[in-house]
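Beneath this line is the structure, given in structure tokens, with notes to follow.
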Amino acid sequence: MRRVAVIGAGMTLFRRRMLETGRELSYEASKMALDAAGMTFKDVESVVLGTAPDMFDGVHMKGEYLLEGAGGLGKPNSRVYVGGGTGVFTPIGGWWHVASGLFDSCLVVAEEKMSPLHPHPQYAFWSIFDHTTERPLGVTLLWIFALEMRRYMHVHNVTEEDIALVAVKNKMNALDHPCAQIAAKITVDDVMKSEKMVWPVKRLDVSPPSDGAAAAVLVSEEVARKYTDDPVWIDGVGWNVDSQYWTNRELCYPAYLESAAKMAYKMAKIENPRKQLDFAEVYDPFDYKELHHMEGLLLCGKGEAAKLTRDGVTQRNGEFPINPSGGLLGVGNPIAAAGMMKVCELFWQLRGEAGKRQVQNAERAVTNGWGDLMQVGTVLTMKR
Amino acid sequence: MSSKIAKYEGTEITPEDLRRERYLMTTYHTSLSYAWSSGVATGKYLAGLKEGEIWGRRCNGCERTLVPPRMYCEQCFRATSSWVRLEDRGKVVTYSVSYVNSDASRRDQPIIVAVIEIAGGSPMMGILHLLGEVAPEKVRVSMEVEAVWKSQQDREGAITDIVYFRPRRKE
Ligand SMILES: [Zn+2]
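As they're listed, the protein sequences go chains B and L. When we follow our numbering, the leftmost residue of the first sequence carries the number 2, and every step to the right adds one. When we follow our numbering, the leftmost residue of the second sequence carries the number 226, and every step to the right adds one.
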């Protein structure tokens, strides 16, 4: 396998509703990534596009619909989709293209436009449940997260207040992100008093629906050296999936994420992730997921993430920063684009371009995506 | 964001724009009917529910009893071996209290949602269902619960033949 470098990244604003179409958002993010890399449309040999359910946009075959805005016209172009894991799986798809030697360059683009579906994009998810044994019970997607959160709290004796600290931290970090949708200075009390959705999940425990796009340019080592003295390397990728029979699983621990992380760490020759990595962009559509994913990514032991958060270890200036970008809870959650935003954050942090969000001396980092019926883990490690 | 980039593209549409109807809305009324195949395993499961019974499938490879039942074991990747009648009671593995409907609108009354490990199945073999006849603050993980069935003539071979599970009444 060949080494794969990232040499440019771009993203749009993340907002609840945007004037731009999905194609226009894809174009803006792609163009920004190409400009940053010093490349043009003609220099791109292949395109991998990530976007989540067609039902949000109300457009079937969204991969083809977005194609032109994502620079895919007339090129080998493919779409990947693994629910919320898509944003990190998209650059993994780009990595295959380049690592395999099939292509010297690949533009990876992730887009989501959730705002078209009314009254609420949440509605698009009812069909994820089993049509015979679950849907007749009046399901809503939030149920599975609330059930998982409750199980995690029960097994590890974690409180709602412990979990709320994550929302407080990430929304605060996002104040320094110019694309952020819901950056704010809030308190644990604000989270506790926010509207109950599906207890224990409350309004401020959840990331918002969003529109947005993010992109990056992946190239072979030879091409990277032509364009930059400062490439960032994707040195590990991993992915895994657990059973669709989610009611038969122990929900307090994401075993599938551990498997995905071990695959990536093995490739990157990382034996002690907490020691060898400098920070992580952990998938955080809900605040409890940050804790859950820190454990699944082996950044701490099972049930230890809440304590690290209480002790300030995961603050941007802490010993092991988690989500210096502000995460999905602060920057926003246009599904596929949100995961890709984290990959862009790794790139900008490792290049020392993260401005006010800069983590000092950051040389290696990990990010993950997660989705479907709480069953997909996608993991990517980068180093400078 | 990169400190090298000065401006990020994107034009926000605000709630005010929506109120002022600057945002065109098209509503499609699509009616899609699906004739789902129940499948072999779920078909038998539904037939059991109609009789007021919960059935699982035994795998002789890993010696697990699976519910919801399946004709193959996903861990051993072999055919499961036999049908096992389970009990119509179990334990709460986890639960939550839903204040919202499928479309994210608010419910008048919250409902309690739970994963229930069915007695007679293997550990952690749970199904999704609702809890009733109990206040949300009284529910506990590991609480013993029993099925409350619809009357025989109202049962149709559906998961909703169980109205909900309630705290088990000691015999
Ligand atoms: Zn088996």
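Built from N, CA and C at the ideal position, the CB exists for glycine as well. Please read all numbers here as calculations on a predicted model, not as lab measurements.
Cα separation between Leu299 (chain B) and Ala261 (chain B)? On the first sequence, position 298 is the one that residue 299 (chain B) refers to. On the first sequence, position 260 is the one that residue 261 (chain B) refers to. So the alpha carbons of these two residues sit roughly 11 Å apart.
Would you decide whether Ser128 (chain B) is buried or exposed? Buried here means 16 or more other CB atoms lie within 10 Å of its CB. On the first sequence, position 127 is the one that residue 128 (chain B) refers to. Ser128 (chain B) comes out exposed.
Please state whether DSSP places Arg18 (chain B) in a helix, a strand or coil. Here residue 18 (chain B) corresponds to residue number 17 of the first sequence, with the count starting at 1. Coil.
Determine, using beta carbons only, whether Arg365 (chain B) comes closer than 7 Å to chain L. For the purposes of this step, residue 365 (chain B) is taken as the residue at position 364 of the first sequence. It does not: the Cβ of Arg365 (chain B) has no partner Cβ on chain L nearer than 7 Å.
According to DSSP, Met154 (chain B) sits in a beta bridge with which residue or residues? Here residue 154 (chain B) refers to the residue found at position 153 when the first sequence is read from its first residue. According to DSSP, which records beta bridges pairwise, Met154 (chain B) is partnered with nothing at all.
Taking 6 Å as the cut-off, does the CB of Gly286 (chain L) come closer than this to any heavy atom belonging to ligand 1? Here residue 286 (chain L) refers to the residue found at position 61 when the second sequence is read from its first residue. For ligand 1, at least one heavy atom lies less than 6 Å from the Cβ of Gly286 (chain L).
Using a Cβ-Cβ distance under 7 Å, would Lys186 (chain B) count as near chain L? One-based indexing of the first sequence puts residue 186 (chain B) at position 185. For Lys186 (chain B), the answer is no, since every Cβ of chain L falls outside 7 Å of its Cβ.
Mind listing the chain B neighbours of Lys169 (chain L)? Cutoff is C-beta to C-beta under 8 Å, in chain order. For residue 169 (chain L) there is no data in the structure shown, the boundaries of chain L being 226 and 396.
8 Å Cβ cut-off: residues of chain B touching Val370 (chain L): For the purposes of this step, residue 370 (chain L) is taken as the residue at position 145 of the second sequence. The contacting residues do not exist; Val370 (chain L) stays about 14 Å from chain B at best.
Can you list, in chain order, the residues of its chain with a C-beta nearer than 6 Å to that of Glu196 (chain B)? Leave out the 5 residues immediately preceding and following it. The residue given as residue 196 (chain B) occupies position 195 in the first sequence. Arg204, listed in sequence order.
Sub-7 Å separation of Val99 (chain B) and Thr91 (chain B) beta-carbons: By 1-based counting over the first sequence, the position of residue 99 (chain B) is 98. By 1-based counting over the first sequence, the position of residue 91 (chain B) is 90. Result no, Cβ atoms of Val99 (chain B) and Thr91 (chain B) do not sit closer than 7 Å.
Using a Cβ distance threshold of 8 Å, determine whether the stretch 240 to 247 of chain B contacts the stretch 33 to 53 of chain B, with at least three qualifying pairs required. no
I'd like to check one pair, Ala307 (chain B) with Leu329 (chain B): are the Cβ atoms closer than 7 Å? The residue labelled residue 329 (chain B) in the question sits at position 328 within the first sequence. The residue labelled residue 307 (chain B) in the question sits at position 306 within the first sequence. No; because the gap between Cβ atoms is not below 7 Å, this pair is not in contact.
Whole alpha helix (DSSP H) elements within the stretch 114 to 180 of chain B, 4-residue minimum: 143 to 157 and 161 to 174
Return the residue from the list B:Arg17, B:Val344, B:Gly11 and B:Arg18 that minimises the CA-CA distance to Lys32 (chain B). Residue mapping note: residue 32 (chain B) aligns to position 31 of the first sequence, counting from 1. Ranking B:Arg17, B:Val344, B:Gly11 and B:Arg18 by Cα distance to Lys32 (chain B) puts B:Gly11 first.
Have a look at Gly297 (chain B) and Leu258 (chain B) and give me their C-alpha separation to the nearest angstrom. One-based indexing of the first sequence puts residue 297 (chain B) at position 296. One-based indexing of the first sequence puts residue 258 (chain B) at position 257. Each residue's Cα considered, the two are about 5 Å apart.
Whose C-beta lies closer than 8 Å to the C-beta of Gly304 (chain B) among residues of the same chain, with five residues either side of it excluded? Counting from one through the first sequence, the residue named residue 304 (chain B) turns up at place 303. So the list reads Val156, His157, Asn158, Val159 and Glu296, once near-sequence residues are dropped.
Are any of the Cβ atoms in chain L nearer than 7 Å to that of Val81 (chain B)? As a working note, residue 81 (chain B) is residue 80 in the first sequence. False, the Cβ-Cβ gap to chain L never drops below 7 Å.
Segment contact flag, the stretch 354 to 368 of chain L with the stretch 289 to 302 of chain L, C-beta cutoff 8 Å, min 3 pairs: no
Chain B residues whose Cβ lies nearer than 7 Å to that of Leu353 (chain L): Locating residue 353 (chain L) in the second sequence gives position 128, where the first residue counts as 1. Within chain B, the residues near Leu353 (chain L) are Glu135, Leu138 and Thr248.
Taking only beta-carbon positions, decide if Ile238 (chain L) is within less than 7 Å of chain B. Here residue 238 (chain L) refers to the residue found at position 13 when the second sequence is read from its first residue. Yes, because at least one Cβ of chain B sits closer than 7 Å to the Cβ of Ile238 (chain L).
Which term fits Glu69 (chain B), buried or exposed, when burial requires 16 or more other beta carbons within 10 angstroms of its beta carbon? Here residue 69 (chain B) is taken as the residue at index 68 of the first sequence, counted from 1. Under this definition Glu69 (chain B) is an exposed residue.
Mind pulling the beta strand (DSSP E) runs of 3 or more residues that sit fully within the stretch 271 to 311 of chain L? 279 to 284, 289 to 291 and 307 to 311
Which of the three DSSP states, helix, strand or coil, is assigned to Trp261 (chain L)? Counting from one through the second sequence, the residue named residue 261 (chain L) turns up at place 36. Reduced to three states, the DSSP call for Trp261 (chain L) is coil.
Shorter than 6 Å, the distance from the beta carbon of Cys107 (chain B) to the closest heavy atom of ligand 1, or not? Residue 107 (chain B) sits at position 106 when you count from the first residue of the first sequence. No, the Cβ of Cys107 (chain B) stays beyond 6 Å of every heavy atom of ligand 1.
Would a C-beta distance cut-off of 7 Å place Asn285 (chain L) and Ser256 (chain L) closer than the cut-off? Start at 1 with the first residue of the second sequence, and residue 285 (chain L) comes out as number 60. Start at 1 with the first residue of the second sequence, and residue 256 (chain L) comes out as number 31. It is not a contact, given that the beta carbons lie outside the stated cut-off.
Count Cβ pairs between the stretch 262 to 280 of chain L and the stretch 368 to 384 of chain L that sit closer than 8 Å; are there 3 or more? yes
Suppose you measure from the CA of Val242 (chain B) to the CA of Gly378 (chain B); what does that come to, to the nearest Å? The sequence position of residue 242 (chain B) within the first sequence is 241, counting from 1. The sequence position of residue 378 (chain B) within the first sequence is 377, counting from 1. If I take the Cα positions, the gap works out to 6 Å.
Phe90 (chain B) in three-state terms, based on DSSP: Position 89 of the first sequence, counting from 1, holds the residue named residue 90 (chain B). Phe90 (chain B) falls in the helix class under three-state DSSP.
Can you pull out the residues from the stretch 167 to 198 of chain B whose beta carbon lies closer than 7 Å to at least one beta carbon of chain L? His178, Pro179, Cys180, Lys197 and Met198
Using a Cβ-Cβ cutoff of less than 8 Å, which residues in the same chain neighbour Ile235 (chain B) once the five nearest sequence positions on both sides are dropped? Stepping through the first sequence from its first residue, residue 235 (chain B) is reached at position 234. For Ile235 (chain B), where only same-chain residues beyond five positions count, the Cβ hits under 8 Å are Val5, Ala6, Val7, Pro92, Trp96, Leu219, Leu381, Thr382 and Met383.
Rounded distance between the beta-carbons of Gln123 (chain B) and Ala231 (chain L), thought under 8 Å: Here residue 231 (chain L) is taken as the residue at index 6 of the second sequence, counted from 1. Here residue 123 (chain B) is taken as the residue at index 122 of the first sequence, counted from 1. About 35 Å; that fails the 8 Å criterion.
Kindly list, in the order they appear in chain L, the residues whose Cβ is closer than 7 Å to that of His121 (chain B). The residue you call residue 121 (chain B) lines up with position 120 of the first sequence. Ordered by position in chain L, the residues that pass the 7 Å Cβ test against His121 (chain B) are Asp328 and Ala329.
Check each candidate in B:Leu14, B:Pro137 and B:Ala37 and name the one with the smallest Cα separation from Tyr228 (chain B). Here residue 228 (chain B) is taken as the residue at index 227 of the first sequence, counted from 1. The option with the nearest alpha carbon to Tyr228 (chain B) is B:Ala37.
Among all the DSSP beta bridges, which residues are the ones paired with Trp234 (chain B)? Along the first sequence, read from residue 1 onward, the residue named residue 234 (chain B) stands at position 233. Looking at the DSSP assignment, Trp234 (chain B) forms a beta bridge with B:Ala6 and B:Lys384.
Need the endpoints of the alpha helix (DSSP H) that Trp349 (chain B) sits in, please. Counting from one through the first sequence, the residue named residue 349 (chain B) turns up at place 348. Looking at the DSSP string, the run of the alpha helix (DSSP H) that includes Trp349 (chain B) is Ile336 to Leu351.
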